[in-house]
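Engineer:
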Amino acid sequence: MLLKNNRPKNKEELFNLRHSSLRNVIERIFGVLKRRFRILCLAPEYNMQIQAQIPAALCAIHNFISHHDPDEDEMEDFDDFDDGGDGDDGGNDEHRAYNEEAIEPSVRRDRIAQEMWDDYQRLLEARQEGTESDDDEFDNNMYPQSL
Amino acid sequence: MVGIFSAAPFYTQCIRLPGANSPIPPKIRRNPRFFPYFRDALGALDGSHIHSAPPASERASCRNRKGFVSQNCLFGSDFDLRFIYALTGWEGSVSDARMYENADDLHIPAGKYYLADAGFPHSNHLLVPYRGVRYHLAEWDHASLR
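Each protein sequence line maps, in turn, to chains P and F.
The opening position of the first sequence corresponds to residue 1 in my numbering, with each subsequent residue numbered one higher.
The opening position of the second sequence corresponds to residue 1001 in my numbering, with each subsequent residue numbered one higher.
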């Protein structure tokens, strides 16, 4: 069971949490690749040039299989989000762009983290007031700039 | 044989980098935890060690931090479990950051970035986590389920 103090307490923690949950697609794809092609777990004694070609070739074959037989990936292709979010597709493209001007990487990260944190606080408050079922209001609150 | 799959035309048809005008990935767009914050993310990048059997003279430089002999590879994936980039054949002792610096064919359009871990440099084209922050957190506790 998760405890209350497991919740992110600041924007950095929230950012890292979501960043890592999105970034883990790369861990998952490595898992799929290494399970599918056991040769990657061995050390084949070909010359080094061929050894270097093997992972690249298998990546291409992996994509080929995914493209032609998407069900093959099914065992891995689950969504593991349990945030209770409504999964609603915002469906509009009018959110401000983060990159209208070139910005420092750390400024960009802080901006993303702050925005995320502000929305998260708003959502937590809404939940405490027992309004979590009101999705319309939730969406409007989340993205005021788009109105 | 392996060369057929790791070179054009097969390879270049199967593995493509997303361009500046690629649509926002559905995985981001459909999840309010990610959208709109990560709308400019094209995918994720990471290094992965693959076991290798180099000639004895090269074995030392191929031993990685985990103690086994490997080639280090830099991979990029999109959010739908497809590879979009692969750089292979680096000695196991080479860091992810150094592979990234040498990934000359990894074109990242202006305004876009990849998600990477803290072993990569924070730059215009990479978004990495804050350092020194607690982890193993969860956004919601499930008190009602206890």
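For glycine and all other residues, C-beta sits at the position ideal for the given N, C-alpha and C.
1) Thinking C-beta only, is residue 1092 of chain F closer than 8 Å to residue 1049 of chain F?
2) Quick check on residue 20 of chain P: does DSSP put it in helix, strand or coil?
3) How many angstroms separate the CA atom of residue 1074 of chain F from the CA atom of residue 1055 of chain F?
4) Is there at least one Cβ from chain F nearer than 8 Å to residue 51 of chain P's Cβ?
5) Could you work out which residues of chain P lie near residue 1006 of chain F, taking near to mean beta carbons separated by less than 8 Å?
6) Can you find a CB in chain P that lies within less than 8 Å of the CB of residue 1056 of chain F?
7) With a threshold of 8 Å between beta-carbons, can residue 1134 of chain F be considered close to chain P, or not?
8) Using C-beta distances below 7 Å, list every residue in its chain close to residue 1077 of chain F, excluding the 5 sequence neighbours before and after it, in chain order.
9) Who does residue 1071 of chain F pair with in a DSSP beta bridge?
10) Taking buried to mean at least 16 other C-beta atoms within 10 Å of its own C-beta, is residue 80 of chain P buried or exposed?
11) Buried or exposed for residue 1069 of chain F, going by 16 or more other Cβ atoms inside 10 Å?
12) To the nearest angstrom, how far is it from the Cα of residue 1139 of chain F to the Cα of residue 14 of chain P?
13) Within 10 angstroms of its Cβ, does residue 100 of chain P collect 16 or more other Cβ (buried), or is it exposed?
14) Evaluate residue 1014 of chain F with the Cβ neighbour count: other Cβ atoms within 10 Å of its Cβ, from every protein chain shown; 16 or more gives buried, anything less gives exposed.
15) Listed in chain order, which residues of the segment 1084-1113 of chain F have Cβ atoms closer than 7 Å to some Cβ of chain P?
16) What do you get for residue 44 of chain P, buried or exposed, if any count of 16 or more other CB atoms within 10 angstroms of its CB means buried?
17) Starting from the C-beta of residue 1086 of chain F, find all residues in its chain whose C-beta is less than 8 Å away, skip the five residues before and the five after it, and write them out in chain order.
18) Quick check: the Cα distance between residue 1018 of chain F and residue 129 of chain P, rounded to an integer number of angstroms?
19) Less than 8 Å between the beta carbons of residue 1081 of chain F and residue 35 of chain P, yes or no?
20) If we cut at 8 Å on Cβ distances, does residue 32 of chain P have a partner in chain F?
21) With a 10 Å radius around its C-beta and 16 neighbouring C-beta atoms as the bar for buried, classify residue 1058 of chain F as buried or exposed.
22) In this structure, how does DSSP classify residue 1084 of chain F when only helix, strand and coil are distinguished?
23) Would you say residue 126 of chain P faces chain F, with C-beta separation under 8 Å as the test?
24) Tell me residue 130 of chain P's beta-bridge partners as DSSP assigns them.
25) For residue 1112 of chain F, collect the residues of the same chain with a Cβ closer than 6 Å to its Cβ; drop the 5 residues on either side in sequence, then sort them by chain order.
26) Name the chain P residues whose beta carbon is nearer than 8 Å to that of residue 1079 of chain F?
27) Spell out whether any CB of chain F is found under 8 Å from the CB atom of residue 81 of chain P.
28) Between the C-alpha atoms of residue 1025 of chain F and residue 25 of chain P, what's the straight-line distance to the nearest angstrom?
29) Consider the Cβ of residue 1124 of chain F: report whether some Cβ of chain P lies at a distance smaller than 8 Å.
30) Given residue 1036 of chain F, which residues of its chain have a CB within under 7 Å of its CB, disregarding the five upstream and five downstream residues?
Structural biologist: Taking the geometry as given:
1) On the second sequence, position 49 is the one that residue 1049 of chain F refers to. On the second sequence, position 92 is the one that residue 1092 of chain F refers to. Against a cut-off of 8 Å, the Cβ pair of residue 1092 of chain F and residue 1049 of chain F comes out as a contact.
2) The sequence position of residue 20 of chain P within the first sequence is 20, counting from 1. Three-state DSSP puts residue 20 of chain P in a helix.
3) By one-based count along the second sequence, residue 1074 of chain F stands at place 74. By one-based count along the second sequence, residue 1055 of chain F stands at place 55. Taking the straight line from one Cα to the other gives about 22 Å.
4) Reading the first sequence from its first residue, position 51 is the one you call residue 51 of chain P. So yes, residue 51 of chain P belongs to the interface.
5) On the second sequence, position 6 is the one that residue 1006 of chain F refers to. Chain P residues near residue 1006 of chain F: 53, 54, 56, 57, 60.
6) Position 56 of the second sequence, counting from 1, holds the residue named residue 1056 of chain F. Answer no: the Cβ-Cβ gap between residue 1056 of chain F and chain P never drops below 8 Å.
7) Counting from one through the second sequence, the residue named residue 1134 of chain F turns up at place 134. Closer than 8 Å to some Cβ of chain P, the Cβ of residue 1134 of chain F qualifies, so yes.
8) Within the second sequence, residue 1077 of chain F is the residue found at index 77, counting from 1. Correct list, in chain order: 1043, 1044, 1083, 1084.
9) To locate residue 1071 of chain F, count along the second sequence from 1; it is residue 71. Paired residue(s): F:1050, F:1091.
10) As a first step, residue 80 of chain P is located in the first sequence; it is residue number 80 there, counting from the start. Low local confidence applies: a pLDDT of 39 at residue 80 of chain P is under 50, so the model's placement there is unreliable, with the coordinate-based value given in what follows. Label assigned to residue 80 of chain P: exposed.
11) Sequence index remark: in the second sequence, residue 1069 of chain F carries index 69 (1-based). It is buried - the Cβ of residue 1069 of chain F has at least 16 other Cβ atoms within 10 Å.
12) The residue given as residue 1139 of chain F occupies position 139 in the second sequence. The residue given as residue 14 of chain P occupies position 14 in the first sequence. In a straight line, the C-alpha of residue 1139 of chain F is about 8 Å away from that of residue 14 of chain P.
13) On the first sequence, residue 100 of chain P is found 100 positions in, with the first residue counted as 1. Confidence is the limiting factor: at residue 100 of chain P the pLDDT is only 46, short of 50, which leaves the residue's position unreliable and the question unanswerable from this model.
14) Here the question's residue 1014 of chain F lines up with position 14 in the second sequence. Flag for residue 1014 of chain F reads buried.
15) 1086, 1088, 1089, 1111
16) If you number the first sequence from 1, residue 44 of chain P lands on position 44. Counting Cβ neighbours within 10 Å, residue 44 of chain P comes out exposed, since fewer than 16 surround it.
17) Translated into positions along the second sequence, residue 1086 of chain F becomes position 86. So the list reads 1015, 1073, 1074, 1075, 1076, once near-sequence residues are dropped.
18) Here the question's residue 1018 of chain F lines up with position 18 in the second sequence. Here the question's residue 129 of chain P lines up with position 129 in the first sequence. Roughly 43 Å between the two C-alpha positions.
19) In the second sequence, residue 1081 of chain F corresponds to position 81, counting from 1. In the first sequence, residue 35 of chain P corresponds to position 35, counting from 1. No, Cβ-Cβ distance for residue 1081 of chain F and residue 35 of chain P is not below 8 Å.
20) What you label residue 32 of chain P is simply residue 32 of the first sequence in a count that begins at 1. Closer than 8 Å: yes.
21) Here residue 1058 of chain F refers to the residue found at position 58 of the second sequence. So residue 1058 of chain F counts as exposed.
22) Within the second sequence, residue 1084 of chain F is the residue found at index 84, counting from 1. Strand, per DSSP.
23) Translated into positions along the first sequence, residue 126 of chain P becomes position 126. Not an interface residue.
24) Here residue 130 of chain P is taken as the residue at index 130 of the first sequence, counted from 1. For residue 130 of chain P, which the question treats as bridged, DSSP gives no partner whatsoever.
25) Start at 1 with the first residue of the second sequence, and residue 1112 of chain F comes out as number 112. Closer than 6 Å at Cβ, skipping near neighbours: 1040, 1042.
26) Locating residue 1079 of chain F in the second sequence gives position 79, counting from the first residue. Within 8 Å Cβ-Cβ: 22, 25.
27) Taking the first sequence and counting its residues from 1, one reaches residue 81 of chain P at position 81. Note that residue 81 of chain P scores 36 on pLDDT, short of 50, meaning its location in the model is unreliable; the coordinates nonetheless yield the value given after this. Taking Cβ atoms only, chain F reaches closer than 8 Å to residue 81 of chain P, which makes this a yes.
28) Here residue 1025 of chain F refers to the residue found at position 25 when the second sequence is read from its first residue. Here residue 25 of chain P refers to the residue found at position 25 when the first sequence is read from its first residue. Their backbone Cα atoms lie some 13 Å apart in a straight line.
29) As a working note, residue 1124 of chain F is residue 124 in the second sequence. True, the Cβ-Cβ gap to chain P drops below 8 Å.
30) Position 36 of the second sequence holds residue 1036 of chain F. If we look at residue 1036 of chain F and ignore the five residues flanking it on each side, it has no Cβ neighbours.
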